[in-house]
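Engineer: Just dropping this structure here.
Chains as they are written, first to last, in this note's numbering: chain A, 1 to 410; chain B, 1001 to 1337.
This is the structure we're talking about:
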């Protein structure tokens, strides 16, 4: 009781603020291949340390090493690289379109492309994601048409959501992508409910819940963990820790728990941490978790350790709260560069082919953009009708809405 | 025809729905093995198994949030929130998610859920077992809000709600569970077994959402009521001798404006009554609608009788509760205006 006396209030602070030198020396990075791969029916109590480590497959030399390596073929990895490159190019074009006033808002994935692109490949048709606003890789990697995404971003006449939703809040049941709310964490418990429904129906489909580091502080996150644990729901509980919740560093939501994965331990849920910038590691851990879910072994919590290189959204300026060069200092590197180097090391890729692929992808994205813009952008060209505003509130329009639609003159 | 309490009628509605449609799933706190603190789900787990009727953790946002996910999957969850006073942790899920899912996804995903909850006072439940939060839901685009006042309607409205393609907030006036309470707390309550609205047919039938019913025809003044206030209004009319036309709204959203307007245009006077607090209560909406649609027929200002704008008290329950005396005074004043 050395310090009994006046109480002091504690507010965590990040290591460095703007003007300082980026410092990630407190982030312990285990060697690639050093974390064991347990059997899927492992007793969660015996792998609690995995919530405090980081599963990695790609080493500094670009080799895939250790027990989590070896799941993907050359072709699958080349496809994965293409998905990540496509997402990055798509983001760059749409960010620019926002700056040009063609839409109101945009959110990019810069630095986090591996998480959603690799995860998608561990799912089967019919499975359902409950994503946040930073998992468009789930759509890209599932072949959802870019033009449709752009139509939604532009809220144009071909927008599948009829101009009702903020840009990038996609919805596609067909592609296993639940309607993005924009409210945080609500979708996490919904994913668990969807998974419970699949089990109640003796189906074989599973759900994937998505949340960011900051939103794990919401009560819905905890509801989801309780329900997932209680009913052993076939769900993968994904936490994308990209270090920043707008301007708030991850320590504000994490508190004293050490890691976000550790949140799962109290619920008896196997909880793993993985290098989120390592396509192979993300895929391998996702596969482990989806296999568990499909085998009636219940939920798995995965924390993806990554870094949000870009701004939170088109409305955000990170230079006001973190050093500009912080992303360069991030010790887990860039997911595209790392997979590219691995493929070169495997002898199936080269700098030349990479440059050529970049050009092809750029052309594909630009051509999709041209097609989308033929249907209009937010303030120009074709747009959803005012009538569409009144439709779809209910299956059948009630009298009071009919009266209001008449009042609006449509 | 068999007579049932409102509890039995509600249970029967779920029983009938679960038997007809295996997508109907019932859960909530204490709902499974025990059958709910008011026993509305008694026997359903034994009959339909633990996959169809089960206990949930004490987490209203979890109960409603998981129900939304189940509905997105294709099931039809009918969940219980133990008291309407406990619904607030689920409010975000109801307002931001259930109510908007169809709209924001353009019908790609829908949310056919029912959230049942006992509402209203009269049981010495204090502020945590007595609230009437209906206006917090009628203000939300995309929801339907239902308040039955008797066993017959409760069963038919609940079956309609379960079969509805959109989310329904189903508020059960708990003071009516066992009989038609008219606000005379010092007198014994007639049980539903002795009331004609306690007649509940076996099997499947529906009472349509969005349709009010005239409980007492009258020529002098229209009383707009729902839930427990329907019986308070009947008592007030009888005790004042005023020939009131009492409309039981049954569904607040969507509202049966036609029935309201026809009645007020006939009587030329209107009193609105609810248990919930006055300011920004549903009575404000009713009063505004009557003013907009019946202005040239009105012979008196529209009066509102409601709970006072205080938290629901414990010892002062009968000073708070808008009983027949308070409503009766409003009827007299409206007739004299």
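Where a beta carbon is used, it is the ideal one built from N, C-alpha and C, also for glycine.
What runs of the alpha helix (DSSP H), each 4 residues or longer, lie entirely inside the segment 1131 to 1215 of chain B?
Structural biologist: List check, alpha helix (DSSP H) in window: 1134 to 1138, 1151 to 1163.
Engineer: With 16 as the cutoff for other CB atoms within 10 Å, does residue 1327/B come out buried or exposed?
Structural biologist: Here residue 1327/B refers to the residue found at position 327 of the second chain. Counting Cβ neighbours within 10 Å, residue 1327/B comes out buried, since at least 16 surround it.
Engineer: List, in order along the chain, the chain B residues whose C-beta lies closer than 8 Å to that of residue 392/A?
Structural biologist: Residue mapping note: residue 392/A aligns to position 392 of the first chain, counting from 1. Result: 1102, 1103, 1106, 1107.
Engineer: From this set, 316/A, 310/A, 283/A, which residue's C-alpha is nearest residue 302/A's C-alpha?
Structural biologist: By 1-based counting over the first chain, the position of residue 302/A is 302. With distances taken between Cα atoms, residue 302/A lies closest to 283/A.
Engineer: Note down the Cα distance separating residue 96/A from residue 345/A, rounded to an integer number of angstroms.
Structural biologist: Taking the first residue of the first chain as 1, we reach residue 96/A at position 96. Taking the first residue of the first chain as 1, we reach residue 345/A at position 345. Each residue's Cα considered, the two are about 34 Å apart.
Engineer: Along chain B, which residues have their Cβ under 7 Å away from the Cβ of residue 192/A?
Structural biologist: Translated into the one-based positions of the first chain, residue 192/A becomes position 192. Chain B residues near residue 192/A: 1066, 1069.
Engineer: Flag this pair as yes or no: are the beta carbons of residue 241/A and residue 260/A separated by less than 7 Å?
Structural biologist: The residue you call residue 241/A lines up with position 241 of the first chain. The residue you call residue 260/A lines up with position 260 of the first chain. The answer is yes: Cβ separation under 7 Å.
Engineer: Output the residue ranges of the alpha helix (DSSP H) runs that lie fully inside the segment 1091 to 1129 of chain B and measure 4 residues or longer, sorted by chain position.
Structural biologist: For the segment 1091 to 1129 of chain B, whole alpha helix (DSSP H) runs of length 4 or above, ordered along the chain, are 1101 to 1104.
Engineer: Can you name the residues that DSSP bridges to residue 1076/B?
Structural biologist: As a working note, residue 1076/B is residue 76 in the second chain. Residue 1076/B pairs with 1024/B.
Engineer: Check the Cβ of residue 220/A against every Cβ in chain B and list those closer than 7 Å, keeping chain order.
Structural biologist: On the first chain, position 220 is the one that residue 220/A refers to. Ordered by position in chain B, the residues that pass the 7 Å Cβ test against residue 220/A are 1061, 1065.
Engineer: Can you list, in chain order, the residues of its chain with a C-beta nearer than 7 Å to that of residue 1086/B? Leave out the 5 residues immediately preceding and following it.
Structural biologist: Position 86 of the second chain, counting from 1, holds the residue named residue 1086/B. 1060.
Engineer: At 7 Å on the CB atoms, spell out the chain B contacts of residue 196/A, in chain order.
Structural biologist: As a first step, residue 196/A must be located in the first chain, where it is residue number 196. Under the 7 Å cutoff, chain B gives 1066, 1070.
Engineer: Would residue 204/A be called buried (16 or more neighbouring beta carbons within 10 Å of its own) or exposed?
Structural biologist: Numbered from its first residue, the first chain carries residue 204/A at position 204. Label assigned to residue 204/A: exposed.
Engineer: For residue 1059/B, which three-state DSSP category applies?
Structural biologist: Along the second chain, read from residue 1 onward, the residue named residue 1059/B stands at position 59. Of the three classes helix, strand and coil, the one that applies to residue 1059/B here is coil, per DSSP.
Engineer: Which of helix, strand or coil does DSSP assign to residue 151/A?
Structural biologist: The residue given as residue 151/A occupies position 151 in the first chain. Residue state, collapsed to three classes: helix.
Engineer: I want to know whether the segment 1238 to 1253 of chain B touches the segment 1209 to 1226 of chain B - three or more CB-CB distances under 8 Å.
Structural biologist: Taking 8 Å as the limit for Cβ pairs, the verdict is that the segment 1209 to 1226 of chain B does touch the segment 1238 to 1253 of chain B.
Engineer: Leaving aside the five residues before and after residue 318/A along the sequence, list all residues of the same chain whose C-beta is less than 6 Å from its C-beta, in chain order.
Structural biologist: Residue numbering aside, residue 318/A sits at position 318 when the first chain is read from its first letter. Excluding residues within five positions, the ones whose Cβ falls inside 6 Å are 311.
Engineer: DSSP on residue 1265/B, reduced to helix/strand/coil?
Structural biologist: Your numbering for residue 1265/B matches position 265 in the second chain. Three-state result, residue 1265/B: helix.
Engineer: Mind pulling the chain A residues with CB within less than 7 Å of residue 1082/B?
Structural biologist: Indexing the second chain from 1 puts residue 1082/B at position 82. Under the 7 Å cutoff, chain A gives no residues; its nearest Cβ is about 16 Å from residue 1082/B.
Engineer: Which stretch, first to last residue, makes up the beta strand (DSSP E) that contains residue 1307/B?
Structural biologist: Residue numbering aside, residue 1307/B sits at position 307 when the second chain is read from its first letter. Per DSSP, residue 1307/B belongs to the beta strand (DSSP E) from 1303 to 1307.
Engineer: Give the residues from the segment 1038 to 1053 of chain B that approach chain A closer than 8 Å (Cβ to any Cβ), ordered along the chain.
Structural biologist: Those residues of the segment 1038 to 1053 of chain B that come within reach of chain A (Cβ to Cβ, closer than 8 Å) are 1051, 1052.
Engineer: For residue 1180/B, would you say it is in contact with chain A, using Cβ-to-Cβ distances shorter than 7 Å as the test?
Structural biologist: Walking along the second chain from the start, residue 1180/B turns up at place 180. By this cut-off, residue 1180/B is not an interface position.
Engineer: What whole-angstrom Cβ distance do residue 235/A and residue 207/A have, given they're in contact under 8 Å?
Structural biologist: Reading the first chain from its first residue, position 235 is the one you call residue 235/A. Reading the first chain from its first residue, position 207 is the one you call residue 207/A. Going by Cβ atoms, the distance from residue 235/A to residue 207/A rounds to 5 Å, so yes, they are a contact pair.
Engineer: Buried or exposed: where does residue 132/A fall if 16 or more other Cβ atoms within 10 Å of its Cβ makes it buried?
Structural biologist: Residue numbering aside, residue 132/A sits at position 132 when the first chain is read from its first letter. The residue in question, residue 132/A, is buried, as its Cβ has 16 or more Cβ neighbours within 10 Å.
Engineer: Would residue 227/A pass as an interface residue toward chain B - the criterion being a Cβ-Cβ separation below 7 Å?
Structural biologist: By one-based count along the first chain, residue 227/A stands at place 227. Interface residue, yes.
Engineer: May I have a chain-ordered list of the alpha helix (DSSP H) segments no shorter than 4 residues that lie completely inside the segment 238 to 275 of chain A?
Structural biologist: 251 to 254, all fully within the segment 238 to 275 of chain A.
Engineer: At 7 Å on the CB atoms, spell out the chain B contacts of residue 230/A, in chain order.
Structural biologist: Position 230 of the first chain, counted from the start, is the residue given in the question as residue 230/A. The answer, in chain order, is 1057.
Engineer: State the Cα-Cα distance for the pair residue 135/A and residue 169/A, rounded to the nearest angstrom.
Structural biologist: Here the question's residue 135/A lines up with position 135 in the first chain. Here the question's residue 169/A lines up with position 169 in the first chain. If I take the Cα positions, the gap works out to 10 Å.
Engineer: Out of curiosity, what's the CA-to-CA distance linking residue 1094/B and residue 192/A?
Structural biologist: Translated into the one-based positions of the second chain, residue 1094/B becomes position 94. Translated into the one-based positions of the first chain, residue 192/A becomes position 192. The alpha-carbon atoms of residue 1094/B and residue 192/A are separated by roughly 17 Å.
Engineer: Under the assumption that residue 50/A contacts residue 292/A (Cβ atoms under 8 Å), give the Cβ distance between them as a whole number of angstroms.
Structural biologist: By 1-based counting over the first chain, the position of residue 50/A is 50. By 1-based counting over the first chain, the position of residue 292/A is 292. Incorrect: roughly 13 Å between the Cβ atoms, too far for contact.
Engineer: For residue 1015/B, does the three-state DSSP call read helix, strand or coil?
Structural biologist: Stepping through the second chain from its first residue, residue 1015/B is reached at position 15. Looking at residue 1015/B - three-state DSSP - the assignment turns out to be helix.
Engineer: Between residue 1138/B and residue 1253/B, which are expected to be in contact by the criterion C-beta below 8 Å, what is the C-beta distance as a whole number of angstroms?
Structural biologist: Along the second chain, read from residue 1 onward, the residue named residue 1138/B stands at position 138. Along the second chain, read from residue 1 onward, the residue named residue 1253/B stands at position 253. Indeed, because the Cβ distance is near 5 Å, the residues count as touching under 8 Å.
Engineer: Check whether the Cβ atoms of residue 200/A and residue 1141/B lie closer than 7 Å to each other.
Structural biologist: Start at 1 with the first residue of the first chain, and residue 200/A comes out as number 200. Start at 1 with the first residue of the second chain, and residue 1141/B comes out as number 141. Going by C-beta atoms, residue 200/A is not nearer than 7 Å to residue 1141/B.
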